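This report concerns only the one structure given below.
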Amino acid sequence: MLKITLTKGLIGKTETQRKVVAALGLGKYGSSVVRADSPTIRGMINKVSHLVTVVEDKSAQPKEKPVKKAAQPKK
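Here this note's numbering = 1-based position in the sequence shown + 797.
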């Protein structure tokens, strides 16, 4: 698992860099996320390596998103 922290702000950065940061799930300066280590995530980190810090954490677990129930059709 990788713990990714946004260490620089996005003001003055290119649109591509902003989209990559958003796709990683980072919002404001100082926000952190835990992601599985995969080539896709590593490529995204490589594009914004000057904006983030990455720590390999084997004990970290990603937060599970609650499962939403499908809407029931009206009778």
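Glycine is no exception: its CB is placed at the ideal position from the N, C-alpha and C atoms.
Computed from a predicted model, the values in this text were never measured in an experiment.
Assignment of beta-bridge partners to serine 856 by DSSP yields no partner. Residue range 812-821 is occupied by the alpha helix (DSSP H) that includes leucine 821. Under DSSP, threonine 837 takes part in no beta bridge, so it has no partner.
For valine 831, the enclosing beta strand (DSSP E) begins and ends at 829-832. Boundaries of the beta strand (DSSP E) around lysine 800: 799-803.
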